[in-house]
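Peer 1: One structure, pasted below without further comment.
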Amino acid sequence: MVETIISYGHENITSKHGTTLEITKDEEITKRADCIIGVGADKGISELSEEFKQKARDENSIIRVVLRAGNITETITGRGHPELSFSHKSDIVIRKSSFVCPRTLMIKADQSAEELNRTLINLLKDRKQKLIVKISTLKMPP
19 MVETIISYGH
29 ENITSKHGTT
39 LEITKDEEIT
49 KRADCIIGVG
59 ADKGISELSE
69 EFKQKARDEN
79 SIIRVVLRAG
89 NITETITGRG
99 HPELSFSHKS
109 DIVIRKSSFV
119 CPRTLMIKAD
129 QSAEELNRTL
139 INLLKDRKQK
149 LIVKISTLKM
159 PP
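Numbers given in our numbering equal positions in the sequence shown, counted from 1, plus 18.
As structure tokens, this is what we get:
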């Protein structure tokens, strides 16, 4: 199963945060929002399917996020966790740490905002640039 989220770029995207990255339904951000890579998302984390949420709450789940803007694709892999609530209305946060809150999509991610392809980030400085986010879960072999 694959969840798809559409969001857009913004001139204030800097993508400099070292431990997280975020996509939000909010339309406006400041440069202080250095983890945000997409705005105006068509879904918040609470709107993901119950089937996805159930699979992602398995401690043996692997969560894969594929980001695509223009002809640039970036893949981020992390882990699920039983305490993921997926209850925030507007934000989706990917974390390198093990911290869990209502905005958390995955923990132990292999990339943060600052590690993303800079060509991708430069594309996302344009409000007209669409960012397609595809999220899937896999089961880790025993």
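Glycine included, each C-beta is placed from N, C-alpha and C at the ideal position.
#1: List the whole-angstrom C-beta distance separating LEU149 from LEU142, where the pair is believed to meet the contact cut-off of C-beta under 8 Å.
#2: Buried or exposed for SER67, going by 16 or more other Cβ atoms inside 10 Å?
#3: Can ALA87 and LEU138 be called in contact, C-beta distance under 8 Å?
#4: From the DSSP output, in three-state form, read off SER79 for me.
#5: Can you tell me which residues form a DSSP beta bridge with ALA87?
#6: Measure the alpha-carbon distance for LYS73 versus THR32 and round it to whole angstroms.
#7: Within 10 angstroms of the Cβ of THR91, are there 16 or more other Cβ atoms? Answer buried if so, exposed if not.
#8: Fully enclosed by the stretch 124-158, which alpha helix (DSSP H) runs are 4 residues long or longer?
#9: Closer than 8 Å is the cut-off here; do at least three beta carbon pairs connect the stretch 95-103 with the stretch 114-123?
#10: Going straight from the alpha carbon of LYS146 to that of ARG136, what length do you get?
#11: How big is the Cα-Cα spacing for GLU77 and ARG97?
#12: Pull up the DSSP beta-bridge partners for GLY96, would you.
Peer 2: Quick look at the numbers:
#1: Indexing the sequence shown from 1 puts residue 149 at position 131. Indexing the sequence shown from 1 puts residue 142 at position 124. With a Cβ gap of about 6 Å, LEU149 and LEU142 count as contacting.
#2: Start at 1 with the first residue of the sequence shown, and residue 67 comes out as number 49. It is exposed - the Cβ of SER67 has fewer than 16 other Cβ atoms within 10 Å.
#3: The residue you call residue 87 lines up with position 69 of the sequence shown. The residue you call residue 138 lines up with position 120 of the sequence shown. When the beta-carbon positions are compared, ALA87 and LEU138 come within less than 8 Å of each other.
#4: By one-based count along the sequence shown, residue 79 stands at place 61. When secondary structure is reduced to three states using DSSP, SER79 falls in the strand class.
#5: On the sequence shown, residue 87 is found 69 positions in, with the first residue counted as 1. According to the DSSP secondary-structure assignment, ALA87 is paired through a beta bridge with ILE90.
#6: Reading the sequence shown from its first residue, position 55 is the one you call residue 73. Reading the sequence shown from its first residue, position 14 is the one you call residue 32. When the Cα atoms are used, LYS73 and THR32 turn out to be separated by approximately 32 Å.
#7: Here residue 91 refers to the residue found at position 73 when the sequence shown is read from its first residue. Counting the other CB atoms within 10 Å of its CB gives THR91 a total below 16, which places it among the exposed residues.
#8: For the stretch 124-158, whole alpha helix (DSSP H) runs of length 4 or above, ordered along the chain, are 136-141.
#9: Three or more pairs of CB atoms, one per stretch, sit closer than 8 Å, so the stretch 95-103 contacts the stretch 114-123.
#10: What you label residue 146 is simply residue 128 of the sequence shown in a count that begins at 1. What you label residue 136 is simply residue 118 of the sequence shown in a count that begins at 1. Rounded to whole angstroms, LYS146 to ARG136 spans 18 Å at the Cα level.
#11: The residue you call residue 77 lines up with position 59 of the sequence shown. The residue you call residue 97 lines up with position 79 of the sequence shown. Just so you know, the alpha carbons of GLU77 and ARG97 end up roughly 7 Å apart.
#12: For the purposes of this step, residue 96 is identified with residue 78 of the sequence shown, where counting begins at 1. Answer is ILE81.
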